[in-house]
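Protein chains in written order, with the working numbering: chain A, 21 to 375; chain B, 21 to 375. These notes are about the structure you will find just below.
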């Protein structure tokens, strides 16, 4: 009888403990997607040195955690998170989950599988991402917010389980792909962080992609070219045309390119045309703008070719969004449907060109 | 010289007038997607008579304008809208544009083409949806908010243009398809109103689809079966399993079905399985729930077959979301990627079964 009572008491306490979630600061785990380690804020994308150099909106967007992901492993039946965002931003054409939420994937037979998203409630957030799992060890990747900064992050696991450094070095961090561009590159307007196209491609290639997308500010700032050039990448994707004006392309693209080329004489560099935004079919002003910019990009690209530049390519945007006009939320920004189509277009090209 | 001055003055005034947007109350234009005309509020989905009958959350969701669309034609170079929503709701996994915004399509050679979305700012909204168009006559369809009620709506065109009743009767309103279901059916979580799968299918078939999706409340309420039965539909799609419990399916599905069947003895009725939510791969509780519900649905469906019911079908959800696990925002609610896949799955089945 006494043993029986003790057993019941033990079971009771173990259930209570099992039910408790213990949070572990994520700063001890590997972080993917950074172009530089010279940041005071862990989840920032631009080096501290640029604070006094860069235009203010560019610098601030550098504090958004687009494309960053934390790697860990655990045998917990539940994965939860506590995180605080910098700005608590709201956008009317993008979910809060994508703007300032989290997104969890799990490695199964070498493939990354969506587990669930961490949905935000405000500046300080707590969310159970997944529960009721079998208590078996899994490798996880947790994508961070696309359009806000993550100030702090802790990962919650049930109290009887462990959380450890990843045992598998995937996605590989050696020779990442570096992408430079605009709001679209930054993930506008995916439904959750994992659906930004660089994150999709990172999973498909099982290779680190670095997202240097700056909403409205992919304007060929030279100090960003220096940041890009400092990364020894397998491929550089320059996808700035939606933000750069004709004048900016004419005046700045060559020097921007040269900064990278000087540092990386043999690396492949892929330029990307302005997307043919779906409302160009109706809006004559935006239609002309896209045509003018792409013409300017082609003139610039041909000038590079003529002077003998090697390992450069230009991607047509003709098939980028499919042919049904349905892949954006506002004519410009890609939905998950658009990002999936763009990722499928880029995949074979990146595969062919990366070194 | 005098003529020249007069010309300049005239041009100046015509530019001012051209630049002005004049708003026209949308209540004079045809409204698609309603199961009943017995509503005091124009943009509501359930008849006034249900206010004292239905459960409160169900009644309130009936005031959301999911699946409703206004038809008009105009030669304006700009299309704008002023609209007021009932609740000014915010959801953390769905864009405000889908929750309480608008979505404009245009008919070109018999096909509906996305023009742009009307992005909301709050309870009272004004948005220019598209501008800089050639001043030629076009047929338009304006989808209303999916997860809020539209209290008032006015369509803005430039002051030198006209806005008129549509000249083309598309999508045809005769023998619509009626869909009954849950949050997913109501459009959770499309990026904009036009991407709810009933709206996609309506465009592809050029036929009216009636959306009777009630977030969290597709619980086989009999009074809704009466509303459904009152519509002479080409097909009834019953997609309630995500919301109905095993007990509710066992106790209520037969009577719910019989209300429709009694009124529509020969009409085709398509039952739909619970989606295999992508996190069922990890969450054992939701996995068991989906399996139990689908088993219950199959038992019910077989009982209908056994007693000789005709013109009934059961759609497997096996291929509903694709096989990459990427088509939801939260494991449950479909993104545009998910809705496009679901629409593609449903299209040939609806085509084959509709009468």
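All residues carry an ideal CB built from backbone N, CA and C; glycine is no exception. Predicted model only: the values in this text are computed from it and were never measured.
Is residue 184(B) buried or exposed, if buried means 16 or more other CB atoms sit within 10 Å of its CB? Exposed is the call here.
Using a Cβ-Cβ cut-off of less than 8 Å, give me the residues of the segment 131-153 of chain B that come near chain A, in sequence order. Those would be 133, 134, 135, 136, 137, 139, 140, 141, 150, 151, 152, 153, in chain order.
I'd like to know if the segment 155-168 of chain B and the segment 73-80 of chain B are in contact, where contact means that at least 3 CB-CB pairs between them fall below 8 Å. No, the segment 155-168 of chain B is not in contact with the segment 73-80 of chain B.
Short check: CB of residue 289(A) to CB of residue 279(A), under 9 Å? Result no, Cβ atoms of residue 289(A) and residue 279(A) do not sit closer than 9 Å.
Throw me the rounded Cβ distance for the residue 360(A) and residue 357(B) pair, which I believe falls under 8 Å. Going by Cβ atoms, the distance from residue 360(A) to residue 357(B) rounds to 6 Å, so yes, they are a contact pair.
Could you please give the first and the last residue of the uninterrupted beta strand (DSSP E) stretch that includes residue 159(B)? For residue 159(B), the uninterrupted beta strand (DSSP E) segment begins and ends at 158-163.
Given 8 Å, three or more beta-carbon pairs between the segment 192-207 of chain A and the segment 86-101 of chain B: Counting Cβ pairs under 8 Å, fewer than three are found: no touch.
Whole beta strand (DSSP E) runs in the segment 223-287 of chain B with 3 or more residues, listed along the chain? Counting only runs of 3+ residues, the beta strand (DSSP E) found wholly inside the segment 223-287 of chain B occupies 227-233, 255-259, in chain order.
Between 336(A), 148(A), 340(A), which lies nearest to residue 42(A) when the distance is taken from Cα to Cα? Of 336(A), 148(A), 340(A), the residue nearest in Cα terms is 148(A).
Taking DSSP's pairing of strands, which residues face residue 94(A) in a bridge? Beta-bridge pairing links residue 94(A) to 158(A), 183(A).
As a quick exercise: from 50(A), 48(A), 71(A), pick the residue whose alpha carbon is nearest that of residue 59(A). Measuring C-alpha to C-alpha distances from residue 59(A) to each of 50(A), 48(A), 71(A) identifies 71(A) as the nearest.
Are any of the Cβ atoms in chain B nearer than 9 Å to that of residue 109(A)? Any Cβ of chain B closer than 9 Å to the Cβ of residue 109(A) would place that residue at the interface, and such an atom is absent.
Is it true that the CB of residue 125(B) sits closer than 9 Å to the CB of residue 223(B)? Closer than 9 Å, so yes.
Against chain B: residues of the segment 304-321 of chain A by CB proximity under 8 Å: Taking 8 Å as the Cβ-Cβ cut-off, the segment 304-321 of chain A approaches chain B at 304, 305, 306, given in chain order.
Rounded separation between residue 54(A) and residue 231(A) - CA only: For residue 54(A) and residue 231(A), the distance between alpha carbons rounds to 8 Å.
Beta-ladder partner(s) of residue 200(A), from DSSP: DSSP lists 232(A), 258(A) as the bridge partner or partners of residue 200(A).
Specify the secondary structure class of residue 188(B) as computed by DSSP and reduced to three states. Residue 188(B) falls in the coil class under three-state DSSP.
Comparing the C-beta of residue 211(B) with each C-beta of chain C, is any distance below 9 Å? No chain C appears in the structure shown, which is made up of the protein chains A and B.
Using three-state DSSP, classify residue 129(A) as helix, strand or coil. In the structure shown, residue 129(A) sits in coil (DSSP, three-state: anything other than H, G, I, E or B).
Taking 9 Å as the CB-CB limit, is residue 351(B) close to chain A? Yes, contact with chain A.
Return the bridge partner residues of residue 136(A) from the DSSP annotation. Note: residue 136(A) sits in a beta bridge opposite 124(A).
Assign residue 310(B) to buried or exposed, taking buried as 16 or more other Cβ atoms, counted over all protein chains shown, within 10 Å of its Cβ. Classified as buried, residue 310(B) has 16 or more neighbouring CB atoms from the shown chains inside 10 Å of its CB.
C-alpha distance - residue 25(A) paired with residue 308(B), whole-angstrom precision: Roughly 32 Å between the two C-alpha positions.
At a cut of 8 Å, does the segment 103-116 of chain B reach the segment 171-189 of chain B through at least three beta carbon pairs? Contact holds: three or more Cβ-Cβ distances are below 8 Å.
DSSP state of residue 51(B) mapped onto helix, strand, coil: The answer is strand: DSSP assigns residue 51(B) an E or B state.
If residue 123(A) and residue 214(A) are in contact, beta carbons under 8 Å, what's the gap, nearest whole angstrom? Rounded, the Cβ-Cβ distance is 4 Å, consistent with contact.
Own chain, CB closer than 7 Å to residue 294(B), minus 5 neighbours either side, in chain order: Around residue 294(B): 261, 262, 310, 313, 314, 337.
Select from 298(B), 208(B), 367(B) the residue whose C-alpha is nearest the C-alpha of residue 343(B). Cα-wise, what sits closest to residue 343(B) is 298(B).
Which same chain residues end up closer than 6 Å to residue 155(B) when comparing Cβ atoms and leaving out the 5 residues on each side of it in sequence? Short of 6 Å from the beta carbon of residue 155(B), and not among the five residues preceding or following it, lie these beta carbons of its own chain, in chain order: 95, 97.
Interface partners of residue 346(B) on chain A, CB under 9 Å: Against chain A, a Cβ distance below 9 Å from residue 346(B) picks out 134, 214, 215, 220, 356, 360.
Under the three-state reduction of DSSP, which class applies to residue 323(B): helix, strand or coil? DSSP, reduced to helix, strand and coil, places residue 323(B) within a helical segment of the structure shown.
Of the residues 129(A), 254(A), 219(A), 258(A), the one placed nearest residue 238(A), counting alpha carbons only: For residue 238(A), the nearest C-alpha among the options comes from 258(A).
Mind pulling the chain A residues with CB within less than 9 Å of residue 299(B)? For the C-beta of residue 299(B), the chain A residues within less than 9 Å are, from N- to C-terminus, 134, 135, 136, 150.
Just to confirm, are residue 386(A) and residue 304(A) a CB contact at a threshold of 9 Å? Nothing can be reported for residue 386(A), as the shown portion of chain A is limited to 21 through 375.
In whole angstroms, give me the CA-to-CA distance for residue 254(B) and residue 306(A). The alpha-carbon of residue 254(B) is positioned some 41 Å away from that of residue 306(A).
Can you tell me the Cα-Cα spacing of residue 252(B) and residue 284(B), whole angstroms? Between the alpha carbons of residue 252(B) and residue 284(B) lies a gap of roughly 8 Å.
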